[in-house]
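I have placed the structure first, in the form of structure tokens, so that the comments after it can refer back to it.
Number of protein chains: 2
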Amino acid sequence: MTGTGAKTPRERYRAQVRAEIKERAWEQIATAGASGLSLNAIAKRMGMSGPALYRYYAGRDDLITELVRDAYRSLADTFRAASAPGPDAAALAHALRGWALEDPHRYFLVYGTPVPGYHAPDDITGIASEIMATLLDACAALPPDGPGTPFGTHLEEHRQWADGHPAPPAVLHRALTFWTRLHGVLSLELAGHFTGMGFDPALFFAAELDDLLAGGGRSAGRGSPPGREDPAR
Amino acid sequence: MTGTGAKTPRERYRAQVRAEIKERAWEQIATAGASGLSLNAIAKRMGMSGPALYRYYAGRDDLITELVRDAYRSLADTFRAASAPGPDAAALAHALRGWALEDPHRYFLVYGTPVPGYHAPDDITGIASEIMATLLDACAALPPDGPGTPFGTHLEEHRQWADGHPAPPAVLHRALTFWTRLHGVLSLELAGHFTGMGFDPALFFAAELDDLLAGGGRSAGRGSPPGREDPAR
DNA sequence: AGGCTTCGTGATAGCCTCTAACTAAATCGT
DNA sequence: ACGATTTAGTTAGAGGCTATCACGAAGCCT
Chain A
1 MTGTGAKTPR ERYRAQVRAE IKERAWEQIA TAGASGLSLN AIAKRMGMSG
51 PALYRYYAGR DDLITELVRD AYRSLADTFR AASAPGPDAA ALAHALRGWA
101 LEDPHRYFLV YGTPVPGYHA PDDITGIASE IMATLLDACA ALPPDGPGTP
151 FGTHLEEHRQ WADGHPAPPA VLHRALTFWT RLHGVLSLEL AGHFTGMGFD
201 PALFFAAELD DLLAGGGRSA GRGSPPGRED PAR
Chain B
1 MTGTGAKTPR ERYRAQVRAE IKERAWEQIA TAGASGLSLN AIAKRMGMSG
51 PALYRYYAGR DDLITELVRD AYRSLADTFR AASAPGPDAA ALAHALRGWA
101 LEDPHRYFLV YGTPVPGYHA PDDITGIASE IMATLLDACA ALPPDGPGTP
151 FGTHLEEHRQ WADGHPAPPA VLHRALTFWT RLHGVLSLEL AGHFTGMGFD
201 PALFFAAELD DLLAGGGRSA GRGSPPGRED PAR
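Sequence lines, in order, name chains A and B. UniProt numbering puts the first residue of the first sequence at 1, with every later residue one more than the last. UniProt numbering puts the first residue of the second sequence at 1, with every later residue one more than the last.
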């Protein structure tokens, strides 16, 4: 479970304590949210006094960064597992929802309100593009859905986020809408904005996914000509 | 500007100080986010000592609740203004994006990561349904787009969130997707998840809106039969 | 002008992050 | 096996925060 390939007993112990700290941190985040995380409380719950934790993490921000990294890593692994039988957008969507419901605060750690000063380290953005690559693969395997979109041609010229993935513009656009539309439903559900509204969020998610798999519109031929909506506002 | 209909000079003064506190609070939120809001810092920046603020707000949570209320009120007013010439979904969408970009933290105060223990007071949910009513009006005025959806029939039976609005199921579904899809794009943009990806978020938002106005798919005839996606997971 | 209400203050308790100095223990080199 | 070095954990303390309390100093109303 620990999986620490440590050599010396010191390193073994250190890794173990770091892991327990993170464990307690996740417990605390689950009840108080990321903003309510307290190094002091973690230390006391582990039976040691406050400043001891600073031997293991440089500070609160450092611990949170590690938690964010783990959250990204966990999502990437979940996506990888869901794509193991082969690229499958529906499986990815269900995996995403399951992962989000499993621990809503973890989802918000990845996609939630940003902390103003915070900037994610490079390795995290690396995991993010790994996630995006999996999504692009799944969308590329979907049956094509009509001609390209005007925004697709814009994406064609700004595709550095695809990180070398050879997807055609229609797939780029589709992957992007997959991401944003599922996030739109999920984040509002997790934030509790659907509670009291009456309908079943699972059904709504399924309907949205269904629409995405069917092509999801994306002005497949119909729609207004480009430029009509004065996009730059 | 103040608009305080106060009678006694005491009430005038009190309302003025409360307003200045909120003003400083917004300034502070803009730079440090809602979680970094400090009553002490506000007090010192106003030239008075810490505990004085407790004459005006019962505590930090009370102030934040007031800010959330103002944010909801501001969005509702923006929507009302955008609908003044008549119900217009596109105008609503542009108004929403403008409002969000004007002050991203205000947007997240409404639609962002929830504080675990927090429960919004009743009057706020009232403003929320006022916002939803405006959106429903706009979607009802849109040209119809094909037959109903399976999820639409589910909404027909769970329409208490529409709060008496006489919209048909297709409009309910459409309003819901309007909300979640625009939120999906906006929240990720405001959270900075698009930075470095290369494309223009405004164009993406416009493309999403275009698709929504064109009918946005929602399995208009095509798509898989209901139940295939095992919605309850 | 007197009495009552409200405002703002300093003091205090308790929480937090994080630094510094110190002790105790474990590891390493010989 | 033993001394030297590295590391873990402690207490003390600075500085910040929320929040309560008791007190003096204004302001308002009759």
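By construction, the Cβ of each residue, glycine as well, lies at the ideal position given by its N, Cα and C atoms. Model, not experiment: these values are computed from the prediction.
Roughly how many angstroms separate the alpha carbons of residue i and residue j, rounded to a whole number?
{"i": "T149/A", "j": "Y111/B", "result": "29 Å"}
{"i": "L209/A", "j": "H183/A", "result": "11 Å"}
{"i": "A167/A", "j": "T125/A", "result": "20 Å"}
{"i": "A138/B", "j": "W99/B", "result": "18 Å"}
{"i": "H119/A", "j": "Y72/A", "result": "15 Å"}
{"i": "H158/B", "j": "L92/A", "result": "28 Å"}
{"i": "Q16/B", "j": "R45/B", "result": "16 Å"}
{"i": "G192/A", "j": "P114/B", "result": "8 Å"}
{"i": "P51/A", "j": "P169/B", "result": "58 Å"}
{"i": "T195/B", "j": "E23/A", "result": "31 Å"}
{"i": "A43/A", "j": "L53/A", "result": "7 Å"}
{"i": "E27/A", "j": "T153/B", "result": "40 Å"}
{"i": "L212/B", "j": "D200/A", "result": "22 Å"}
{"i": "L155/A", "j": "A140/A", "result": "15 Å"}
{"i": "H105/A", "j": "L188/A", "result": "13 Å"}
{"i": "A207/A", "j": "H94/A", "result": "12 Å"}
{"i": "L75/B", "j": "G33/B", "result": "19 Å"}
{"i": "residue 234/A", "j": "A81/B", "result": "In the structure as shown, chain A begins at 1 and stops at 233. Residue 234/A is therefore absent and cannot be evaluated."}
{"i": "T180/B", "j": "D122/B", "result": "23 Å"}
{"i": "G59/A", "j": "R18/A", "result": "13 Å"}
{"i": "T78/B", "j": "A128/B", "result": "13 Å"}
Taking C-beta pairs closer than 7 Å, name the residues in chain B that residue i reaches, listed in chain order.
{"i": "F151/A", "result": "L203, F204 and A207"}
Can you name the residues of chain A whose CB is closer than 8 Å to the CB of residue i?
{"i": "H183/B", "result": "G184, S187 and L188"}
{"i": "F108/B", "result": "T113"}
{"i": "L96/B", "result": "Per Cβ cutoff of 8 Å: no residues; L96/B is ~11 Å from chain A at best."}
{"i": "L75/B", "result": "What L75/B touches in chain A: nothing, since even the nearest Cβ is about 13 Å away."}
Check the Cβ-Cβ distances between residue i and every residue of chain A, and say whether any is below 7 Å.
{"i": "P114/B", "result": "yes"}
{"i": "T65/B", "result": "no"}
{"i": "T78/B", "result": "no"}
{"i": "E8/B", "result": "According to the sequence shown, residue 8/B is Thr rather than Glu. Closer than 7 Å: no."}
{"i": "G221/B", "result": "Because the pLDDT of G221/B is 39, which lies under 50, any placement of that residue in the model is unreliable, and the number read from its coordinates should be weighed accordingly. Closer than 7 Å: no."}
What does residue i touch in chain B if you count any residue whose Cβ is under 8 Å from its own?
{"i": "G198/A", "result": "H158, R159, Q160 and W161"}
{"i": "L92/A", "result": "The contacting residues do not exist; L92/A stays about 13 Å from chain B at best."}
Which chain A residues are close to residue i, counting only those with a beta carbon under 9 Å from its beta carbon?
{"i": "A191/B", "result": "Y111, G112, T113 and P114"}
{"i": "L39/B", "result": "Neighbours of L39/B on chain A: none; closest Cβ ~16 Å, over 9 Å."}
Count the other CB atoms within 10 Å of the CB of residue i; is the residue buried (16 or more) or exposed (fewer)?
{"i": "R233/B", "result": "Model confidence at R233/B stands at a pLDDT of 38, short of 50, so the residue's coordinates are unreliable and nothing is read from them."}
{"i": "Q160/A", "result": "exposed"}
{"i": "M48/B", "result": "exposed"}
{"i": "A84/B", "result": "exposed"}
{"i": "T8/B", "result": "exposed"}
{"i": "G215/A", "result": "buried"}
{"i": "R55/A", "result": "exposed"}
{"i": "Y57/A", "result": "buried"}
{"i": "Y13/B", "result": "exposed"}
{"i": "T31/A", "result": "exposed"}
So, is the C-beta of residue i closer than 7 Å to a C-beta in chain B?
{"i": "T195/A", "result": "no"}
Interface residues of chain B around residue i at Cβ under 9 Å?
{"i": "residue 238/A", "result": "Examination of residue 238/A is not possible in this model, given that chain A is present from 1 through 233 alone."}
Against chain B: residues of the segment 130-161 of chain A by CB proximity under 8 Å: T149, P150, F151, H154, L155, H158, R159, Q160 and W161
Members of the segment 24-35 of chain B near chain A, C-beta cut-off 7 Å: T31, A32, G33 and S35
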